[in-house]
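See structure below.
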Amino acid sequence: MTAEVLRRALLGTGRLLPAGIRDALKNKLYYEPAIRRGGYRAPDPRLFDAVFFEVVTRCNSRCTFCAAAVQNERRPKTEMTFELYSKVIAELQALGFAGRVAYHVANDPLMFKGLEAFVRCAKEALPACHVQIMTNGLALTPQRGERLLDAGVDEFFVTFYRRRRDEPLYRHLVEFRDEVLRKRLPVRRGSGYFSADGSRKLAFKVLPRYLDEVLWSRGGTAPNKAAAPDDVGGFCRFPWTQFNVTTDGRVSKCCADVFFDDPMGNLQQQTVAEIWRGERFGRVRRALLEGQRRLLPNCQGCDYFGLANQDIRNPLLRALKYYFLARY
């Protein structure tokens, strides 16, 4: 049985048990072990794993599942100032941050002309951090890619949105891969590209998807999917692992608050540590530890499972997850 056949079978049988029993099982099988293993607490949380800077409020793709797509965008175009960005980077340095730094929330970072300077600033101040460019690839030309390589990018993650299965990868992406990456970093192992002497490594990943896919509800903002039912409950790890900042300094609880409607604070007036350990984040975490998504804006309309596959160690439980998603 293929993974897709199993997934569809589990989705098709997901309503066999009453909702209350399903939720109790989901809590026992998934959330309670994850909370213990991850040490998730409301007061005094550990430092986040990733910080996402939304450097510009624009994307250049037409994905039907995204509220920030070209045809759906309702925000004014704004850009993050280097002054605000460098302030946050300095605070991350003081906190000893060594996780992932990326430049997307509901946008494509390559729409931002000053990206190279931002990347360089992060790598100089936080040499142990992993700088990721997650993009749809529409603007990743060989020239732009080479400039970002020089600035210190560690990973290009391209989500290739296509209309049909046999649609070829963009020519400029192929040129970047073949004429820039493979010449500068000739040793390849999987998605990793290494310099001949092993002194430099870069990841280049391409994930094919469809423009018209139906994914998760993104806190109720996905244009092609209804929000989750009002009685949705359960834990979610995002407010412990992500720190999302938009152009004007607002910080959201997670990436599903696409428009930063429920800000945890603003870095124009507060520090990273004050916001991360502040009462607003604490309120969110307490509700999620109690399985009460319904008490939180955005969370009450969100059908994200709360844990990624890498958080679920047992292969059977990873497959069974689709049974519990069936109600949404």
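In this note's numbering, each residue's number is its place in the sequence shown (first place is 1) plus 60. Positions of the beta carbon are idealized from the N, C-alpha and C atoms, including for glycine.
Nearest candidate by alpha-carbon position, reference Gln203, set Arg223, Gln370, Ala182, Glu235 = When Arg223, Gln370, Ala182, Glu235 are compared, the shortest CA-CA separation from Gln203 is found for Glu235.
Hey, how far is the Cα of Gly361 from the Cα of Gly294?
-> Going from the Cα of Gly361 to the Cα of Gly294 covers about 12 Å.
Opening and closing residue of the alpha helix (DSSP H) in which Lys86 lies | First-last of the alpha helix (DSSP H) with Lys86: 79 to 86.
What does a CB cutoff of less than 6 Å around Ile372 pick up in its chain, not counting 5 residues either side in sequence?
-> Within the same chain, Arg378 come within 6 Å of Ile372 by CB-CB distance, once the 5 residues on both sides are set aside.
Identify, in the order they occur along the chain, each residue of the same chain with its Cβ nearer than 7 Å to the Cβ of Leu155, setting aside the five sequence neighbours on each side.
-> Once the five neighbours on either side are set aside, the close Cβ partners of Leu155 are Leu107, Val332, Ala333.
Simplified DSSP assignment, three categories, for Thr219 | Looking at Thr219 - three-state DSSP - the assignment turns out to be strand.
If you draw a straight line from the alpha carbon of Leu208 to that of Val191, how long is it in whole angstroms?
-> Separation of Leu208 and Val191 (C-alpha to C-alpha, rounded to the nearest whole angstrom) is 10 Å.
Taking the CB atoms as reference points, tell me whether Leu241 and Val266 lie closer together than 8 Å.
-> No Cβ-Cβ contact shorter than 8 Å links Leu241 with Val266.
Per-residue burial, Gly309 [other beta carbons within 10 Å of its own, 16 or more giving buried] = Here Gly309 is buried. Its C-beta has 16 or more other C-beta atoms within 10 Å.
Sheet register partners of Asn132 (DSSP bridge) | DSSP output for Asn132 lists no bridge partner at all.
Limits of the beta strand (DSSP E) - the one that Lys261 falls within = Counting along the chain, the beta strand (DSSP E) containing Lys261 begins and ends at 261 to 270.
Straight-line gap, Val421 to Ile81 (C-alpha atoms, nearest Å) | Not covered by the structure: residue 421. The range shown for the chain is 61 to 388.
Is it a yes or a no for the stretch 348 to 364 touching the stretch 118 to 126, going by three-plus beta-carbon pairs under 8 Å?
-> Fewer than three beta-carbon pairs drawn from the stretch 348 to 364 and the stretch 118 to 126 are found closer than 8 Å, and the two stretches are therefore not classed as touching.
For Gln328, the nearest candidate out of Asp104, Arg353, Val148, Leu198 (CA to CA) = Across the set Asp104, Arg353, Val148, Leu198, the C-alpha of Val148 shows the shortest separation from the C-alpha of Gln328.
Own chain, CB closer than 6 Å to Leu275, minus 5 neighbours either side, in chain order | Shown here for Leu275: same chain residues with a beta carbon closer than 6 Å to its own, the five before and five after excluded, namely Phe125 in chain order.
Grab the span of the alpha helix (DSSP H) containing Val234 for me, first residue to last.
-> Its alpha helix (DSSP H) spans residues 231 to 235.
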